[in-house]
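Student: Protein chains in written order, with my numbering: chain C, 24 to 524; chain L, 78 to 552.
Idealized CB from N, CA, C, for every residue including glycine.
In this text the structure is predicted, and so the values were computed from the model without any measurement.
#1: Output needed for residue 278/C: all residues of its chain with C-beta closer than 7 angstroms, excluding positions within five of it in sequence on either side, in chain order.
#2: Tell me, please, whether the CB atom of residue 255/L is closer than 9 angstroms to any CB atom in chain B?
#3: Just the Cα atoms here: how many angstroms apart are residue 494/C and residue 503/C?
#4: Please decide whether residue 266/L counts as near chain C, where near means a Cβ-Cβ distance under 9 angstroms.
#5: Quick check: what's the CA-CA separation for residue 25/C versus residue 188/L?
#6: Curious, which full-length beta strand (DSSP E) runs of at least 3 residues does the stretch 243 to 292 of chain L contain?
#7: Taking 9 angstroms as the CB-CB cut-off, is residue 521/L touching chain C?
#8: Check distances from the C-beta atoms of the stretch 413 to 424 of chain L to those of chain C and list, in chain order, the residues that come in under 8 angstroms.
#9: Using a Cβ-Cβ cut-off of 9 angstroms, state whether residue 317/L counts as contacting chain C.
#10: Quick one: using the 10 Å Cβ neighbour count with 16 as the cut-off for buried, is residue 117/L buried or exposed?
#11: According to a CB-to-CB cut-off of less than 7 angstroms, which residues of the stretch 123 to 140 of chain C neighbour chain L?
#12: Quick one: grab the DSSP three-state call for residue 225/C.
#13: With residue 365/C as the anchor, note down where its alpha helix (DSSP H) starts and where it stops.
#14: DSSP three-state label for residue 360/L, please.
#15: For the stretch 212 to 289 of chain C, which segments carrying the beta strand (DSSP E) assignment without a break, of at least 3 residues, lie completely within its bounds, in sequence order?
#16: Below 6 angstroms CB to CB, which residues in the same chain sit around residue 183/C once its five sequence neighbours on both sides are set aside?
#17: Quick check on this structure: which residue in 314/L, 432/L, 137/L has the alpha carbon closest to the alpha carbon of residue 227/L?
#18: What residues match up with residue 376/L in a beta bridge as DSSP calls it?
#19: Between the beta-carbon of residue 339/C and the beta-carbon of residue 118/C, is there less than 9 angstroms?
#20: Which residue comes first and which comes last in the beta strand (DSSP E) that contains residue 422/C?
#21: Name the residues in the stretch 424 to 442 of chain L whose C-beta lies less than 9 angstroms from a C-beta of chain C; which are they?
#22: Could you give the first and the last residue of the continuous beta strand (DSSP E) run that contains residue 440/C?
#23: Between the stretch 336 to 345 of chain L and the stretch 360 to 371 of chain L, can you find at least three pairs of beta-carbon atoms closer than 8 angstroms?
#24: Within 10 angstroms of the Cβ of residue 6/C, are there 16 or more other Cβ atoms? Answer buried if so, exposed if not.
#25: With 16 as the cutoff for other CB atoms within 10 Å, does residue 451/C come out buried or exposed?
#26: What does residue 216/L touch in chain C if you count any residue whose Cβ is under 7 angstroms from its own?
#27: With a cut-off of 8 angstroms, do at least 3 Cβ pairs link the stretch 347 to 355 of chain C to the stretch 308 to 323 of chain C?
#28: Please go through the same chain and pick out, in chain order, the residues whose beta-carbon is closer than 7 angstroms to the beta-carbon of residue 353/L, but skip the five residues on each side of it.
#29: Under three-state DSSP, which class holds residue 203/C?
#30: Can you tell me whether residue 41/L is helix, strand or coil according to DSSP?
#31: Starting from the beta carbon of residue 241/L, find every residue of chain C whose beta carbon is closer than 8 angstroms, and list them in chain order.
#32: Would you list the residues sitting across from residue 510/L in a DSSP beta bridge?
#33: Measure how close the beta-carbons of residue 366/L and residue 375/L come, nearest whole angstrom, since I'm counting them as under 8 angstroms.
#34: Buried or exposed: where does residue 78/C fall if 16 or more other Cβ atoms within 10 Å of its Cβ makes it buried?
#35: Do the CB positions of residue 240/C and residue 412/C come within less than 9 angstroms of each other?
#36: From this set, 471/C, 328/C, 188/C, which residue's C-alpha is nearest residue 393/C's C-alpha?
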């Protein structure tokens, strides 16, 4: 149970580096610029460092460890070839300020990704610059803001967001300076056209929606919703968090959206890395393209003298949109994530539809298997669909409200019980519109056997008595963590003994 | 137990075979559908109305096998000029470094690589503890008590620090919704700041500089009463500015001093927290991360206590479990978007945890003496380069009297662009053309050296600069 700072070794231990080019005393910094007290970092030899982080890794759960049905997060397998490619010097050892002729190969990959994302979403222009979904949202909202400014429609200050939306939607819009109008969902979890019609007016700037929605249900009236918003002069924004369900089947463009963000760390297998990095490109329709952050990659036929650097007789160059909002990241976005996602895309190509079909197949199969096993075990009275539906998309929600009312078993109890069975727990208590919500997304990379076994284990957990479940988990590295204690007794860094005295 | 994976029908030759390594249920669709009482996979999409259906196949290339993908990656990425293939003096915010092999070995462990945000702390103790340790490593390095788990990059960290300063100080500020930023800050970073600030109606004013590249302390007095001041140490042209430690005194307690740092420099240079900085931000890349064409990187964010409850980003706290055992969890989440929604302190959700973890691992391997040594290597390389280039009569070093870290300005007798083209033809990535930052400086070249720069590379650059500049003077 030791942390890094309890390892500290003897002074001078733990590093090996070449000598400096000049002796240290040649630095000659004045006193007020010179560091007086060294950082109290540990002094680890390599074997100690490797053991420490190996030990920590064994106390962490990833997709590689086991089934990770975390709804809304699309925890699919991360192919390892992506990691190999991202370490090639042609990406890892590239500086974003290198001239175009140094990076034709990389720019061709950027261009291929822009084009592929445009095709999949039915958009006209993609920028790869935003580095996360939330940053993509913010970027698109900013572009739309500038679009309205250019049309003199500065009175459009309101952004409509369904009550089931991801928290980033209202947060991103508010950060850009918009006022948020929350639209209540219908009883069945779908958007309410009447509520949208009642909310839109000449102040409406944007409606932000994800489809399939956060309950994993397709919004069949999405085109009508888009029409209502467009009629009022507003723009439609598509939150791409749930894009994994619909590639090659439908597209935000077909549904009537004007702008969209993609989560390459969900749909295109960039590993989540315990919380990031991600990549959140955005795509827009033609009328918004001039506001995108640059640079964006364009291609043209080569000119004389360029043959030596060119890829397939094409020249890839950076291009600045005419009325760009400027930058949201200092460089060209998370290029490493784009390259990993490119490798993933290449694996499927036009078979991306098959990928989405399997994501939806697995989700529906798991939903079916859970109900099937629950019925067999006689515990199907403990939960119900988060919203009524015949088919789900890539994820589905269950409400554990009956279990809570009948037996005092909460969604959190079931989640902790699943940890004891060796799974990552599904997302709980989101979306907020479903009481005692459990949101389950298996992804396409799980086998039928895994899904069947999980369904069995899920039902086994429901059969455990409330008291035992309240005490779960018992087999994890630590048991239920006291989050209230953490907030009341803030300890945000290692307390060194000498500071305590 | 494993079902048969025999492919029963092949809609397009080769396609199924290739994708089967990622889709375990390929070929088992009928079996699964039948159990659900469905006949065809399209039945799962019956809720999607025909008028929004895509017609036909995606107009994209066919699937590839792993072997074909790596071959294409090698062909495309292999055609790039990697900095390691050349002699390079390009930095300007991102710095070539050496990352110990153990960092890559540990970071690619699937338990770290393939985990999501640690929402279930009982099975995420590894990453939570590693990030709590990261917070401590940064806190020690920067001289401030609080650090978060990373923001996207140095630019978003600086932009978020400005909006945080306004949240904290605006009520008492005499210059409401105003922040000051050093005029030398790169336009790309200022652009990011403007995007983050405009929503809150925050005005960014420029802090003037002296001819020697240091902050004009007299004009810094104007910033007193505003919400915050952002400067960089070293500044964007590599100068270590002795005036920066005096700034807090000048702007006073009600204006946040925000200092952007190159973290490696803090092995020799005073930590901003020790001279009154309220927030320290920076590009974490030189500790633990390759440049990777500009991302993923990690933004450093640290602050003092008054900013804690209004700061952006995730933070880990040490707690206990029900048995009283030490345990870690995310804390102060009520600032964040998933709870506070449009009233959150930031919209950030996904951050750069894995890259921050690379940073933590690198820091853990360096130790305090290792960091000092690394900083000395960077700094002495810079001193040597300045010495060698100052011997060339036809070029000038306008800030030669200053102390530099990593980089310095060379004033050429001709356009920096032409010089860079010449150097490129000779296999040298010669530096950064400062004309793209400062429109009135067509002849300024920013030359960067790091711990990776060798003495003979500096000699080579000096020889070529002498040759080019003597020709330029003659012309």
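Tutor: So, to answer that:
#1: 234, 245, 246, 249
#2: No chain B is present in this structure, whose protein chains are C and L.
#3: 8 angstroms
#4: yes
#5: 19 angstroms
#6: 255 to 259, 280 to 284
#7: no
#8: 413, 414, 415, 416, 417, 418, 419, 420, 421, 423, 424
#9: yes
#10: exposed
#11: 125, 126, 127, 128, 129, 131, 132, 139
#12: coil
#13: 358 to 371
#14: strand
#15: 227 to 232, 258 to 261, 282 to 284
#16: 204, 206, 222, 230
#17: 432/L
#18: 228/L, 360/L
#19: no
#20: 419 to 422
#21: 424, 425, 426, 427, 428, 429, 430, 431, 432, 433, 434, 437, 438, 440, 441, 442
#22: Taken as a continuous stretch (DSSP letters only), residue 440/C belongs to no beta strand (DSSP E), being part of the alpha helix (DSSP H) at 434 to 443.
#23: yes
#24: Beyond the ends of chain C as shown, which are 24 and 524, falls residue 6/C; an answer cannot be given.
#25: buried
#26: 516
#27: yes
#28: 325, 334
#29: strand
#30: Given a span of 78 to 552 for chain L in the structure shown, any question on residue 41/L remains unanswerable.
#31: Result: empty, since nearest Cβ-Cβ is about 12 angstroms, beyond 8 angstroms.
#32: 522/L
#33: 7 angstroms
#34: exposed
#35: yes
#36: 471/C
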